[in-house]
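Engineer: Right, I'll just put the structure down here and ask away after.
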Amino acid sequence: METHKNTGIFFTQSLNGYYSKINLEAITSFAKQIPNVKTVFHVTKDVLTDSQKIETILKSKEIERVILVGEYPGLHKTLFTKAIVSAGLITDNLVTLSFREKGIFDEKDTEKAKLLLEHAVKGSQFFDISETGNNAVNDQTLVIGAGIAGIQASLEIADAGKKVFLVEKTGTIGGHMAMFDKTFPTLDCAACILTPKMVEIGQHSNIDLITYAEVKSVSGTPGNYKVTILKKARCVDLNLCIGCGSCSTKCPSKVPSEFDSFTTLRKAIYIPFPQAVPNKYLVDKENCTYVNDPFHINAATLSGLRKKNVPEKVVEKLKSLKGKSFNTEPDFIETLTNTLGENDWKKYSDLLYENTGKCKNCIKFCPVNDCINLDEKDEEIEINVGNIIVATGFTPFDASRAEQFGYGVYDNVLTSLELERLINASGPTEGKITLRTTDKKGNKIFTKEGKTPSSIALVHCVGSRDENHNKYCSKVCCMYSLKLSHLIKEKLPDADVFEYFIDMRAFGKGYEEFYERINNEGIDIIRGKTAKAESHNGALLIRGENILESTLIEQQVDMLILAVGLVPNNDSKDISEMLNIKVSDDGWFVEADSNTDTTGTYTAGILTAGVCQSPKDIPDTVAQASAAASKVLQNIMKGKI
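In our numbering, the protein residues as written are 378 to 1018.
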């Protein structure tokens, strides 16, 4: 962007006396001294209703470049764009600088405001609401993240006839919503809403679904981005797998299930959940014994070969290798070929693999030849797109950080998402709420045969509205806690249910009515600050304060549910740097304008949707995803960014 153009600085009107809090006079005086600034104009109300007046100012002062400054300058961008075009200028010579969004709040920020203004005049693209220009737009779109936000945006763009690449880092689409039993406040079946959309994604001719993959790099310019995607080795051919489950049944490796919030175990070769899309198996290489255990030859190897009727002369040759391990397969093959001879190696290789510590049960019992390749490597692919929608979602707050509640210490202190999986009919207990048990191998899991709790407490705001963790409200915790209390009562009508909240934030459509409904269902909803939980007589003792009654709380329960807040994903910072978009101090992606452009970012052609931008419920997430899709289609229709 050129820096020698005649520049006009226009201060827009403020709301709620914003300018009275900052030293506007000093900032204005400084602005007049910046090189190439030909006019500094404080826009009055009458000017904001007439683009011709702005056009007249531009022409009379021979202004070539406009800096629109204020509390929320984006509100007036359309008006100034019209004036600029009428004055014969191009729209990328309009820059907006929001003092509020840049952290200018009072007089102590005056020097920072001056510096921001100087950089904006000099043409730093960082201060543009977007890096706009006249770049031709590739009509293909990348959507990063396949939760409900990514699904909604992808379907709307694809249904308009445009190509979408949908990239999801896990083995299935669906995100957190796929883990829920019901949605609030209507108590609709979450799967009934989500699953048809998931199936549509998998079958849509305009959507290229790339699961178990991550975006590694993005280069190019708005409208024409080159994207490198790392496809992690799934080790199962999606075109050949019939989803029969024979491989998983015979797999010896069991690890905690991420989809079930670690409340039960899964195999190292698995489908995340029955309705997963794609509904195909994948191999967890970190926990696969074939991938991680070395080849070795020992007494058990020789004994196993004899039981399989391998000739003694072959076994005798292997005795020279007894006690030897091989960390790589090529080393193993080369050594055994040299020891046995090529013919015997080829003849007995399957039995040798089977008896040298390298499990291949999944391959052995798979009914489809060449479906599973445990030696498959990751691969990189490149695509070209014009627009990118970031819909990467969130991570639940790590409840172990709130040490006062004993999560990870006491068996029956659970997070809200763990309870969701217990309540869900497709979960580890088939919808039954039970206490944690220990299996024969010492794994602490939940089973449908477990003991039923007679009393359950839910604590709000774990990790949110907390000076020690996150100051912000996570927006959904009050309502999902009420939902969980209702579902507990539905399944355990005789159980005592206690819900401890700081403030009840029923902000959405039907939410206040939902709160009133739950309040009449025999649930003890207490406004109080919960201090800690401790073990007591084989149960849990909740201590805190009843705020309304100014009394102390001491309540014994069998199970404690922590309503954890929402936090940004660990990779948000990396994504922000890769895409040249900003993150807030809290870690959420920053929107172009908090009032008028909540899907846009400071880089043209890159948008956000859903909780990755800020905590929100499902309806707001879907609405924002639709808005992002609409903006993408608008860019494509215009043919330039």
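Heads up, the beta-carbon is just placed ideally off N, CA and C, and yes, glycines get one too.
1) DSSP state of A986, grouped into three classes?
2) What does C566 pair with, by DSSP beta-bridge criteria?
3) Can you tell which of N923, D935, L859 and A883 has its C-alpha closest to the C-alpha of E898?
4) Quick one: is H863 buried, meaning 16 or more other Cβ sit within 10 Å of its Cβ, or exposed?
5) Return the first residue and the last residue of the alpha helix (DSSP H) that K950 is part of.
6) Taking DSSP's pairing of strands, which residues face Q933 in a bridge?
7) For the pair the segment 574-583 and the segment 530-546, tell me if three or more CB-CB distances fall below 8 Å.
8) Relative to the C-alpha of K696, which residue among L717, K1017 and G522 is closest?
9) Leaving aside the five residues before and after N957 along the sequence, list all residues of the same chain whose C-beta is less than 6 Å from its C-beta, in chain order.
10) Which whole-angstrom value is the C-beta distance of C748 and C621, which I expect to be below 8 Å?
11) Once you ignore the five residues that flank G840 on each side, which residues in its own chain have a CB closer than 8 Å to its CB?
12) At the level of alpha carbons, what is the spacing between N865 and G887?
13) Would you mind sorting V1009 into buried or exposed? The rule is 16 or more other CB atoms within 10 Å of its CB.
14) Would you list the residues sitting across from I758 in a DSSP beta bridge?
15) Whose C-alpha, out of V934, T769 and G552, is nearest the C-alpha of D873?
16) Whole angstroms are fine: how far does the CA of E922 sit from the CA of D486?
17) State the CB to CB distance for the pair D963 and Y849, rounded to an integer number of angstroms; the pair is presumed to be in contact (CB under 8 Å).
18) How should G700 be labelled, buried or exposed, when 16 other C-beta atoms within 10 angstroms of its C-beta is the threshold for buried?
19) Considering D901, what are the terminal residues of the beta strand (DSSP E) in which it resides?
20) State the DSSP-derived secondary structure class of T468, mapped to helix, strand or coil.
21) Is it buried or exposed for F504, if we count other Cβ within 10 angstroms and need 16 for buried?
22) Find the nearest neighbour of L729 within the set S680, E826, N761 and V762, judged by alpha-carbon distance.
23) Return helix, strand or coil for W492, following the three-state DSSP convention.
24) Sort D427, T641 and K438 by Cα distance to D816 and report the nearest one.
25) Going by DSSP, which residues form a beta bridge with H419?
26) Where does A403 sit, in a helix, a strand or coil, going by DSSP?
27) Here's the rule I'm using: 16 or more other beta-carbon atoms within 10 Å means buried, otherwise exposed. How should T626 be labelled?
28) Pull the bridge partners of H673 from the DSSP assignment, please.
29) Output the boundary residues of the beta strand (DSSP E) element that contains D873.
30) Apply the 10 Å Cβ neighbour rule to S831 and answer buried if 16 or more other Cβ atoms are within range, or exposed otherwise.
31) Counting pairs of beta carbons, one from the segment 470-480 and one from the segment 410-421, are three or more of them closer than 8 Å?
32) Pair every Cβ in the segment 545-562 with every Cβ in the segment 512-525, then say whether three or more of these pairs are closer than 8 Å.
33) Nearest by alpha-carbon distance to T405: which of Q390, I386 and I924 is it?
34) Going by DSSP in three states, L859 sits in which element: helix, strand or coil?
35) Using C-beta distances below 7 Å, list every residue in its chain close to K436, excluding the 5 sequence neighbours before and after it, in chain order.
36) Are the Cβ atoms of D843 and E876 separated by less than 8 Å?
Structural biologist: If we stick to the structure as given:
1) The residue labelled residue 986 in the question sits at position 609 within the sequence shown. DSSP places A986 in coil when its eight states are reduced to three.
2) Against the sequence shown, residue 566 aligns to sequence position 189. Beta-bridge pairing links C566 to K559.
3) As a working mapping, residue 898 is identified with position 521 in the sequence shown. The candidate whose alpha carbon is nearest that of E898 is L859.
4) Translated into positions along the sequence shown, residue 863 becomes position 486. When all chains shown are included, H863 counts as buried.
5) The count along the sequence shown starts at 1 and reaches residue 950 at position 573. Segment S949 to L956, the alpha helix (DSSP H) holding K950.
6) Translated into the one-based positions of the sequence shown, residue 933 becomes position 556. Bridge partners of Q933: L918.
7) Yes: the two stretches touch, three or more of their Cβ pairs being nearer than 8 Å.
8) Position 319 of the sequence shown, counted from the first residue, corresponds to residue 696. For K696, the nearest C-alpha among the options comes from L717.
9) Along the sequence shown, read from residue 1 onward, the residue named residue 957 stands at position 580. If we look at N957 and ignore the five residues flanking it on each side, its Cβ neighbours are T980.
10) On the sequence shown, residue 748 is found 371 positions in, with the first residue counted as 1. On the sequence shown, residue 621 is found 244 positions in, with the first residue counted as 1. That belief does not hold up - the Cβ atoms of C748 and C621 are roughly 10 Å apart, past 8 Å.
11) The residue you call residue 840 lines up with position 463 of the sequence shown. F774, D775, A776, R778, A779, H846, N847, S851, V941, G942 and V944, listed in sequence order.
12) The residue given as residue 865 occupies position 488 in the sequence shown. The residue given as residue 887 occupies position 510 in the sequence shown. In the sequence as displayed, the identity of residue 865 is Ile instead of Asn. The straight-line gap from Cα to Cα measures roughly 21 Å.
13) Here residue 1009 refers to the residue found at position 632 when the sequence shown is read from its first residue. By the neighbour-count criterion, in which a residue is buried when 16 or more other Cβ atoms sit within 10 angstroms of its Cβ, V1009 is buried.
14) Translated into positions along the sequence shown, residue 758 becomes position 381. For I758, DSSP records a beta bridge to I606.
15) In the sequence shown, residue 873 corresponds to position 496, counting from 1. For D873, the closest C-alpha among the options V934, T769 and G552 is that of V934.
16) In the sequence shown, the residue the question calls residue 486 occupies position 109. In the sequence shown, the residue the question calls residue 922 occupies position 545. Those two C-alpha atoms are separated by around 40 Å.
17) Mapped onto the sequence shown, residue 963 falls at position 586. Mapped onto the sequence shown, residue 849 falls at position 472. Between D963 and Y849, the beta carbon gap of about 6 Å places them in contact (Cβ cut-off 8 Å).
18) As a working mapping, residue 700 is identified with position 323 in the sequence shown. Exposure of G700 is indicated by the presence of fewer than 16 other C-beta atoms within 10 angstroms of its C-beta.
19) As a position in the sequence shown, residue 901 is number 524, starting the count at 1. Following the DSSP letters along the chain, one finds D901 inside the beta strand (DSSP E) bounded by residues D901 to H913.
20) Here residue 468 refers to the residue found at position 91 when the sequence shown is read from its first residue. Under the three-state reduction of DSSP output, T468 falls in the helix class.
21) Counting from 1 along the sequence shown, the entry for residue 504 is found at position 127. In this prediction, F504 has a pLDDT of 42, which is less than 50 and means its spatial position is unreliable; nothing more can be read from the coordinates.
22) For the purposes of this step, residue 729 is taken as residue 352 along the sequence shown, with counting starting at 1. By alpha-carbon distance to L729, the top candidate from S680, E826, N761 and V762 is S680.
23) Reading the sequence shown from its first residue, position 115 is the one you call residue 492. Reading the sequence as shown, one finds Leu at residue 492 and not Trp. Helix at L492.
24) Taking the sequence shown and counting its residues from 1, the one referred to as residue 816 is at position 439. Closest in C-alpha terms to D816, from the list D427, T641 and K438, comes T641.
25) Within the sequence shown, numbered from 1, the residue matching residue 419 stands at position 42. BP columns for H419 point to F388.
26) Translated into the one-based positions of the sequence shown, residue 403 becomes position 26. Here DSSP, grouped into helix, strand and coil, assigns A403 to helix.
27) In the sequence shown, residue 626 corresponds to position 249, counting from 1. With fewer than 16 other Cβ atoms within 10 Å, it is exposed.
28) Within the sequence shown, numbered from 1, the residue matching residue 673 stands at position 296. Bridge partners of H673: S702.
29) One-based indexing of the sequence shown puts residue 873 at position 496. Counted as a single uninterrupted DSSP element, the beta strand (DSSP E) harbouring D873 occupies residues D873 to F878.
30) Locating residue 831 in the sequence shown gives position 454, where the first residue counts as 1. With fewer than 16 neighbouring CB atoms inside 10 Å of its own CB, S831 falls in the exposed class.
31) Here the segment 470-480 does not lie against the segment 410-421, with fewer than 3 beta-carbon pairs under 8 Å apart.
32) The segment 545-562 vs the segment 512-525: in contact.
33) Position 28 of the sequence shown, counted from the first residue, corresponds to residue 405. Taking T405 as reference, the option from Q390, I386 and I924 with the minimal CA-CA separation is I386.
34) Sequence index remark: in the sequence shown, residue 859 carries index 482 (1-based). Here DSSP, grouped into helix, strand and coil, assigns L859 to helix.
35) Residue numbering aside, residue 436 sits at position 59 when the sequence shown is read from its first letter. Residues A464 of the same chain have their beta carbon placed closer than 7 Å to that of K436, with the five preceding and five following residues left out of the count.
36) Taking the sequence shown and counting its residues from 1, the one referred to as residue 843 is at position 466. Taking the sequence shown and counting its residues from 1, the one referred to as residue 876 is at position 499. For D843 and E876, no; Cβs fall outside 8 Å.
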